[in-house]
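Anchor point for the sequence shown: position 52 equals 123 in the working numbering, and the numbering is continuous, going up by one each time.
Just so you know, even glycine gets a beta-carbon here, dropped at the ideal spot from N, CA and C.
Computed from a prediction, not measured in an experiment: that's the story for all the values here.
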Amino acid sequence: MTDFQTQARVAEAAMRDVFPATPLQRNAHLSERFGAEIYLKREDLSPVRSYKIRGAYNAMRKQPDQELFVCASAGNHAQGVAYMCSHMGVKGVIFMPVTTPQQKIQKTRMFGGDQVEIHLVGDYFDDTLTAAQEWCQREGGHFLSPFDDADVIEGQSSIAVEIEEQLGKVPDHVILPVGGGGMSSGVASWFGDQVHCLFVEPEGGACLKAALKAGHPVSLDRVDTFVDGAAVGRIGVQPFALLQHVPLPDVLTISEDRICTTMIEMLNVEGIVLEPAGALAVEALGDVRSWIRGKTVVCITSGGNFDFERLPEVKERAQRYSGVKKYFLLRLPQRPGALKEFLGILGPEDDIARFEYMKKSARNFGSVLIGIETKRPENFPKLFSRLDEAGFTYSDITSDETLAQFVI
Numbered sequence: 072m073t074d075f076q077t078q079a080r081v082a083e084a085a086m087r088d089v090f091p092a093t094p095l096q097r098n099a100h101l102s103e104r105f106g107a108e109i110y111l112k113r114e115d116l117s118p119v120r121s122y123k124i125r126g127a128y129n130a131m132r133k134q135p136d137q138e139l140f141v142c143a144s145a146g147n148h149a150q151g152v153a154y155m156c157s158h159m160g161v162k163g164v165i166f167m168p169v170t171t172p173q174q175k176i177q178k179t180r181m182f183g184g185d186q187v188e189i190h191l192v193g194d195y196f197d198d199t200l201t202a203a204q205e206w207c208q209r210e211g212g213h214f215l216s217p218f219d220d221a222d223v224i225e226g227q228s229s230i231a232v233e234i235e236e237q238l239g240k241v242p243d244h245v246i247l248p249v250g251g252g253g254m255s256s257g258v259a260s261w262f263g264d265q266v267h268c269l270f271v272e273p274e275g276g277a278c279l280k281a282a283l284k285a286g287h288p289v290s291l292d293r294v295d296t297f298v299d300g301a302a303v304g305r306i307g308v309q310p311f312a313l314l315q316h317v318p319l320p321d322v323l324t325i326s327e328d329r330i331c332t333t334m335i336e337m338l339n340v341e342g343i344v345l346e347p348a349g350a351l352a353v354e355a356l357g358d359v360r361s362w363i364r365g366k367t368v369v370c371i372t373s374g375g376n377f378d379f380e381r382l383p384e385v386k387e388r389a390q391r392y393s394g395v396k397k398y399f400l401l402r403l404p405q406r407p408g409a410l411k412e413f414l415g416i417l418g419p420e421d422d423i424a425r426f427e428y429m430k431k432s433a434r435n436f437g438s439v440l441i442g443i444e445t446k447r448p449e450n451f452p453k454l455f456s457r458l459d460e461a462g463f464t465y466s467d468i469t470s471d472e473t474l475a476q477f478v479i
């Protein structure tokens, strides 16, 4: 056993004074679909509904004389630090992006109580991180990185210790979501060559893939904050040192809209609430179907801190990705009966979800923004064929992200 594994075992054992091991659950639905033994490591069932409590606790227990901790977080690390500040009776100053979902801000306040103060700074995590580090340099305290810290990485690796103990063996594959790299590097380091680790990033925050291509950590030009738990623009130096030999084919990127389909499915089918980052590993199963058939696979559901005010957006994005909802601009003649004629073209499974008609008094045609929901994606080619035959002019804007931001 390596020194890292020994320390990971010590960290895992120490955590039992604070919270029990999170469940490792075989998922019958996914196992049947993919012809494999699929297990979910339910980090969404920790006291703070994410794995971040592990790294926070491990790093803080190694600073027994420290009375002030400072951190930057998109939400989950903040909750872990706040929870441990309350548990240990120490003070915490927590910086979070202005764009952090309200649910995560409120939970951080709840966990920390009077022991923590919260500062909302910056639209992106990297701006928040800079503000937190500058504050710490001015005011003092121990800065607790969300991922670029050896003690934090060691703490996150306790997930792997539990997986092996709960499974009674090492799995064939472990699928790991990646943000700043703290958890993924810790788990991969514990398993070493015994397990094939797969790493999953959102397209709008693929900082591991960018670093592997460059040979060192690089800053992304743009970060999509939708997958807030993994929306990091630059992988940590220490995590990358542990992951720099990962083969590029083992790093998968998944679109933000596609992640939404798994969030909706897990909620409707399994009753499991996952935040976008928490759904990454499960969604990746479809990309590695041929690799995992007949194998034992563990997906780490990294978090379940989901603000249900976001559910309409998640459903919308899932429907658009799966092809059962489309938006288009329709050129409608301004004459009696034109709307009735259009409605007659709709199929039995087509439903109007949005309709905005701007009538122009001096024109022969009016513009209509229309959203159509249907039960099966193959219904749309049939609908468009009927529109063509009837001579309607229309433009499908579903995939036009620039236009969609303004009108959808």
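Would you mind reading off the limits of the beta strand (DSSP E) that contains residue i?
i: G163; result: 162-167
i: I325; result: 322-325
i: E108; result: 108-113
i: P248; result: 244-248
i: D222; result: Run containing D222: none in the beta strand (DSSP E); it sits in the alpha helix (DSSP H), 221-227.
i: A302; result: No beta strand (DSSP E) holds A302; DSSP gives it neither H nor E.
i: T372; result: 367-372
Flag this pair as yes or no: are the beta carbons of residue i and residue j separated by less than 7 Å?
i: M167; j: L139; result: no
i: A301; j: G250; result: yes
i: E114; j: T469; result: no
i: V322; j: H244; result: no
i: Q208; j: G257; result: no
i: S157; j: G184; result: yes
i: Y122; j: M254; result: yes
i: E225; j: Q76; result: no
i: K446; j: E420; result: yes
i: G160; j: V152; result: no
i: A203; j: V141; result: yes
i: V298; j: P273; result: yes
i: D467; j: F413; result: no
i: R406; j: F436; result: no
i: V271; j: P288; result: no
i: G146; j: R364; result: no
i: R180; j: N376; result: no
i: P118; j: D378; result: no
i: T333; j: A352; result: no
i: Y465; j: L454; result: no
What is the rounded straight-line gap between the Cα of residue i and the Cα of residue j?
i: T81; j: R125; result: Strictly speaking, residue 81 in this sequence is Val, with Thr absent from that position. Computed Cα separation, rounded: 12 Å.
i: W261; j: R391; result: 39 Å
i: L101; j: A355; result: 12 Å
i: G275; j: T170; result: 16 Å
i: G415; j: A461; result: 11 Å
i: S456; j: C278; result: 42 Å
i: A348; j: V439; result: 36 Å
i: K112; j: I246; result: 10 Å
i: E210; j: L319; result: 42 Å
i: L417; j: E336; result: 27 Å
i: A84; j: K280; result: 33 Å
i: E205; j: D74; result: 33 Å
i: I189; j: H148; result: 13 Å
i: A130; j: N98; result: 32 Å
i: I441; j: Y428; result: 9 Å
i: T93; j: D194; result: 32 Å
i: I109; j: R132; result: 34 Å
i: A409; j: G374; result: 50 Å
i: I423; j: V395; result: 12 Å
i: V317; j: E387; result: 35 Å
i: E472; j: P383; result: 18 Å
i: F182; j: L200; result: 21 Å
i: P91; j: V223; result: 19 Å
Taking 6 Å as the cut-off, is the beta-carbon of residue i closer than that to any non-hydrogen atom of the ligand MN?
i: L454; result: Only the bare structure without any ligand can be found here, which leaves the ligand MN out of the picture.
For residue i, which beta-bridge partners are listed by DSSP?
i: P404; result: F436
i: K396; result: E444
i: P273; result: I325
i: D422; result: E444
i: R381; result: Note: R381 sits in no beta bridge, so no partner.
i: S466; result: L400
i: H213; result: F140
i: H190; result: F166
i: Q96; result: L111
i: H267; result: H244
i: Y428; result: V439
Please report the residue range of the alpha helix (DSSP H) in which residue i lies.
i: T170; result: No alpha helix (DSSP H) contains T170, which DSSP labels as neither H nor E.
i: H158; result: 147-159
i: F75; result: 74-86
i: E210; result: 196-210
i: A348; result: 347-354
i: V308; result: 308-314
i: L279; result: 278-285
- [ ] State whether the stretch 280-294 contacts the stretch 340-353, with contact taken as three or more CB pairs (one from each stretch) at a distance under 8 Å.
- [x] no
Open item on the list: Check whether the stretch 263-276 and the stretch 131-150 are in contact - that is, three or more C-beta pairs closer than 8 Å.
Closed with: no
Open item on the list: Quick test of the definition: if touching needs 3 or more C-beta pairs under 8 Å, does the stretch 214-228 touch the stretch 298-317?
Closed with: yes
Open item on the list: Quick check: the stretch 328-335 against the stretch 376-396, are at least 3 beta-carbon pairs closer than 8 Å?
Closed with: yes
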